[in-house]
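Heads up: the structure comes next, in C-alpha coordinates.
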Amino acid sequence: MKTFVITKEHLDANNNYIGKEDLTNFDGNIEVESNLGYVKNISFKAKGYILAKVGSGIKVGSGIEAGWGIEAGWGIEAGWGIEAGWGIKVGSGIEAGWGIEAGWGIEAGWGIEAGWGIEAGWGIKVGSGIVCGLSITCKFILSVNFNIFAGTCWWKQLSNDSEKTITCGKLESGTIAYGILVETGLPYDNNNSKKQELLLKAEELIQKSNELKESANNL
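The letter at position 30 of the sequence shown is residue 11 when you use this note's numbering, and the numbering goes up by one with no holes.
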(Lines of atoms letter the chains of each structure in order from A and count residues from 1; the text may use other names and numbers.)
(Lines give C-alpha, C1' and ligand atoms only; values in the text may rest on other atoms or scores of the structure.)
Protein backbone atom coordinates (compact mmCIF):
# COMPACT_ATOMS: atom_id res chain seq x y z
CA MET A 1 0.00 0.00 0.00
CA LYS A 2 1.43 3.40 -0.99
CA THR A 3 2.14 6.14 1.53
CA PHE A 4 1.86 9.87 0.88
CA VAL A 5 3.94 12.13 3.14
CA ILE A 6 2.84 15.73 3.63
CA THR A 7 5.85 18.05 3.90
CA LYS A 8 6.25 21.82 4.26
CA GLU A 9 6.28 22.12 0.46
CA HIS A 10 2.67 20.87 0.33
CA LEU A 11 1.40 23.71 2.59
CA ASP A 12 0.66 27.39 2.07
CA ALA A 13 1.51 30.17 4.53
CA ASN A 14 -1.54 29.29 6.66
CA ASN A 15 -0.72 25.55 6.74
CA ASN A 16 -3.51 24.66 4.30
CA TYR A 17 -2.75 21.57 2.21
CA ILE A 18 -2.23 22.64 -1.44
CA GLY A 19 -0.62 19.49 -2.85
CA LYS A 20 -1.81 17.89 -6.08
CA GLU A 21 -2.63 14.51 -4.51
CA ASP A 22 -6.28 14.17 -3.48
CA LEU A 23 -6.21 13.28 0.21
CA THR A 24 -9.98 13.44 0.69
CA ASN A 25 -10.22 9.85 -0.60
CA PHE A 26 -6.71 8.39 -0.72
CA ASP A 27 -6.04 4.75 -1.56
CA GLY A 28 -3.19 4.28 0.87
CA ASN A 29 -1.62 5.79 4.01
CA ILE A 30 -1.28 9.48 4.85
CA GLU A 31 1.63 10.76 6.95
CA VAL A 32 2.38 14.29 8.14
CA GLU A 33 6.05 15.19 8.57
CA SER A 34 7.28 16.21 12.03
CA ASN A 35 7.03 19.74 13.42
CA LEU A 36 4.57 21.17 10.90
CA GLY A 37 1.96 22.28 13.44
CA TYR A 38 -1.69 21.76 12.52
CA VAL A 39 -2.10 20.77 8.87
CA LYS A 40 -5.46 21.87 7.46
CA ASN A 41 -7.62 20.44 4.70
CA ILE A 42 -11.29 20.04 3.79
CA SER A 43 -11.04 16.43 4.99
CA PHE A 44 -8.64 13.50 5.21
CA LYS A 45 -9.69 10.00 4.27
CA ALA A 46 -7.26 7.10 3.89
CA LYS A 47 -7.78 3.44 3.12
CA GLY A 48 -4.83 2.69 5.42
CA TYR A 49 -3.57 4.71 8.40
CA ILE A 50 -3.26 8.44 9.08
CA LEU A 51 -0.16 9.48 11.06
CA ALA A 52 0.88 12.99 12.08
CA LYS A 53 4.35 12.77 13.59
CA VAL A 54 5.78 14.60 16.61
CA GLY A 55 4.99 18.31 16.53
CA SER A 56 2.24 17.92 13.95
CA GLY A 57 -1.55 17.68 14.12
CA ILE A 58 -4.59 17.57 11.84
CA LYS A 59 -7.43 20.06 11.52
CA VAL A 60 -10.21 19.66 8.94
CA GLY A 61 -13.48 21.38 8.12
CA SER A 62 -15.41 18.14 7.68
CA GLY A 63 -14.31 14.60 8.59
CA ILE A 64 -11.26 12.41 9.25
CA GLU A 65 -11.51 8.73 8.37
CA ALA A 66 -8.98 5.91 8.26
CA GLY A 67 -9.45 2.24 7.46
CA TRP A 68 -6.69 1.50 9.95
CA GLY A 69 -5.54 3.75 12.82
CA ILE A 70 -5.19 7.51 13.40
CA GLU A 71 -2.25 8.89 15.40
CA ALA A 72 -1.00 12.44 15.93
CA GLY A 73 1.85 13.93 17.94
CA TRP A 74 -0.37 16.94 18.61
CA GLY A 75 -4.17 16.88 18.38
CA ILE A 76 -6.83 16.21 15.76
CA GLU A 77 -9.82 18.44 15.12
CA ALA A 78 -12.73 17.84 12.73
CA GLY A 79 -15.82 19.90 12.02
CA TRP A 80 -17.68 16.66 11.35
CA GLY A 81 -16.78 13.16 12.60
CA ILE A 82 -13.62 11.14 13.24
CA GLU A 83 -13.58 7.42 12.46
CA ALA A 84 -10.85 4.78 12.59
CA GLY A 85 -11.08 1.07 11.88
CA TRP A 86 -8.35 0.54 14.47
CA GLY A 87 -7.34 2.90 17.29
CA ILE A 88 -7.00 6.68 17.76
CA LYS A 89 -4.04 8.07 19.71
CA VAL A 90 -3.01 11.73 20.04
CA GLY A 91 -0.53 13.62 22.17
CA SER A 92 -2.93 16.43 23.01
CA GLY A 93 -6.70 16.67 22.40
CA ILE A 94 -9.40 15.27 20.11
CA GLU A 95 -12.29 17.45 18.98
CA ALA A 96 -15.14 16.54 16.63
CA GLY A 97 -18.29 18.45 15.74
CA TRP A 98 -20.04 15.11 15.26
CA GLY A 99 -19.04 11.72 16.70
CA ILE A 100 -15.81 9.84 17.35
CA GLU A 101 -15.59 6.12 16.64
CA ALA A 102 -12.69 3.65 16.87
CA GLY A 103 -12.64 -0.10 16.38
CA TRP A 104 -9.97 -0.36 19.06
CA GLY A 105 -9.08 2.12 21.81
CA ILE A 106 -9.04 5.92 22.05
CA GLU A 107 -6.23 7.71 23.87
CA ALA A 108 -5.64 11.44 24.27
CA GLY A 109 -2.99 13.26 26.28
CA TRP A 110 -5.45 16.09 26.96
CA GLY A 111 -9.22 16.02 26.55
CA ILE A 112 -11.87 14.68 24.17
CA GLU A 113 -14.81 16.70 22.92
CA ALA A 114 -17.55 15.42 20.61
CA GLY A 115 -20.82 16.98 19.53
CA TRP A 116 -22.41 13.55 19.12
CA GLY A 117 -21.35 10.23 20.66
CA ILE A 118 -18.03 8.52 21.40
CA GLU A 119 -17.55 4.80 20.84
CA ALA A 120 -14.48 2.59 21.24
CA GLY A 121 -14.15 -1.16 20.80
CA TRP A 122 -11.54 -1.29 23.58
CA GLY A 123 -10.90 1.32 26.29
CA ILE A 124 -10.74 5.11 26.50
CA LYS A 125 -7.88 6.88 28.28
CA VAL A 126 -7.73 10.67 28.62
CA GLY A 127 -5.27 12.98 30.37
CA SER A 128 -7.93 15.50 31.40
CA GLY A 129 -11.68 15.06 30.74
CA ILE A 130 -14.43 14.22 28.23
CA VAL A 131 -17.32 16.36 27.02
CA CYS A 132 -19.78 14.52 24.78
CA GLY A 133 -23.07 15.66 23.29
CA LEU A 134 -24.57 12.18 23.47
CA SER A 135 -23.51 8.83 24.95
CA ILE A 136 -20.05 7.37 25.59
CA THR A 137 -19.39 3.67 25.06
CA CYS A 138 -16.30 1.49 25.48
CA LYS A 139 -15.86 -2.23 26.11
CA PHE A 140 -12.96 -2.14 28.55
CA ILE A 141 -11.62 0.49 30.99
CA LEU A 142 -12.61 4.17 30.96
CA SER A 143 -9.96 6.33 32.58
CA VAL A 144 -9.77 10.13 32.87
CA ASN A 145 -8.02 12.42 35.32
CA PHE A 146 -10.88 14.86 35.83
CA ASN A 147 -14.54 15.10 34.75
CA ILE A 148 -16.80 13.28 32.29
CA PHE A 149 -19.89 14.91 30.77
CA ALA A 150 -22.29 12.94 28.54
CA GLY A 151 -25.59 14.09 27.02
CA THR A 152 -24.70 17.79 26.91
CA CYS A 153 -26.05 18.39 23.40
CA TRP A 154 -27.85 21.69 22.83
CA TRP A 155 -29.07 20.98 19.29
CA LYS A 156 -31.87 18.53 20.15
CA GLN A 157 -34.03 17.25 22.99
CA LEU A 158 -32.64 14.04 24.49
CA SER A 159 -35.09 11.28 23.58
CA ASN A 160 -34.27 9.11 26.61
CA ASP A 161 -31.64 8.43 29.26
CA SER A 162 -29.62 6.21 26.91
CA GLU A 163 -28.44 9.32 25.08
CA LYS A 164 -26.63 10.52 28.20
CA THR A 165 -25.35 7.13 29.32
CA ILE A 166 -21.66 6.40 29.93
CA THR A 167 -21.25 2.68 29.31
CA CYS A 168 -17.92 0.98 30.03
CA GLY A 169 -16.51 -2.24 31.37
CA LYS A 170 -15.14 -0.37 34.38
CA LEU A 171 -14.64 3.27 35.34
CA GLU A 172 -11.07 3.23 36.60
CA SER A 173 -10.73 6.95 37.34
CA GLY A 174 -12.57 10.21 36.80
CA THR A 175 -15.74 11.89 38.05
CA ILE A 176 -19.13 11.64 36.34
CA ALA A 177 -20.06 15.33 36.32
CA TYR A 178 -23.08 14.78 34.09
CA GLY A 179 -24.56 11.57 32.69
CA ILE A 180 -25.54 8.09 33.84
CA LEU A 181 -22.80 5.54 34.49
CA VAL A 182 -23.38 1.92 33.48
CA GLU A 183 -20.52 -0.49 34.24
CA THR A 184 -20.99 -3.75 32.34
CA GLY A 185 -18.02 -5.55 33.87
CA LEU A 186 -14.76 -6.38 32.20
CA PRO A 187 -15.01 -9.20 29.65
CA TYR A 188 -12.39 -11.27 31.42
CA ASP A 189 -11.76 -12.90 34.78
CA ASN A 190 -10.57 -10.34 37.32
CA ASN A 191 -8.31 -12.94 38.93
CA ASN A 192 -6.23 -13.07 35.78
CA SER A 193 -7.33 -9.83 34.15
CA LYS A 194 -4.11 -8.77 32.43
CA LYS A 195 -3.63 -12.12 30.76
CA GLN A 196 -7.22 -12.28 29.54
CA GLU A 197 -7.13 -8.69 28.29
CA LEU A 198 -3.97 -9.42 26.28
CA LEU A 199 -5.50 -12.60 24.87
CA LEU A 200 -8.60 -10.69 23.74
CA LYS A 201 -6.48 -8.02 22.09
CA ALA A 202 -4.32 -10.71 20.46
CA GLU A 203 -7.42 -12.30 18.95
CA GLU A 204 -8.45 -8.96 17.46
CA LEU A 205 -4.93 -8.38 16.12
CA ILE A 206 -4.97 -11.79 14.46
CA GLN A 207 -8.31 -10.93 12.86
CA LYS A 208 -6.91 -7.63 11.58
CA SER A 209 -3.81 -9.43 10.30
CA ASN A 210 -5.97 -11.82 8.30
CA GLU A 211 -7.90 -8.88 6.86
CA LEU A 212 -4.62 -7.23 5.81
CA LYS A 213 -3.41 -10.42 4.15
CA GLU A 214 -6.68 -10.69 2.25
CA SER A 215 -6.38 -7.06 1.14
CA ALA A 216 -2.79 -7.62 0.02
CA ASN A 217 -3.76 -10.70 -1.97
CA ASN A 218 -6.43 -8.67 -3.75
CA LEU A 219 -3.93 -6.07 -4.97
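C-beta: ideal position from N, C-alpha, C; glycine also.
Within 9 Å, strictly: CB atoms of residue i and residue j
i	j	result
G38	A53	yes
K208	L115	In the structure displayed, the chain extends from -18 to 200; residue 208 sits before or after that span and is not available.
G214	E94	For the chain, the structure presents residues -18 to 200; residue 214 sits outside this window and is missing.
Y19	W61	no
A101	K120	yes
I117	G96	no
A158	I122	no
Which residues DSSP lists as bridging residue i, in chain order
i	result
T156	N128
W86	A small correction: the amino acid at residue 86 is Gly; Trp does not occupy that position in the sequence shown. Its beta-bridge partners do not exist; DSSP assigns none.
T146	I161
N141	For N141, which the question treats as bridged, DSSP gives no partner whatsoever.
A95	A77, C113
Close beta carbons around residue i, own chain, < 7 Å, minus the five adjacent residues each side
i	result
V(-14)	E12, E14
Segment limits, beta strand (DSSP E) that includes residue i
i	result
A77	75 to 77
K70	69 to 71
S37	37 to 41
Y19	18 to 22
K26	25 to 27
Residues near residue i in its chain [Cβ-Cβ closer than 8 Å; skip 5 each side]
i	result
T5	N22, I23, S24, F25, K26
Close Cβ partners of residue i (< 6 Å) along its chain, the five nearest in sequence each way excluded
i	result
S73	W55, G56, G90, W91
K(-17)	G9
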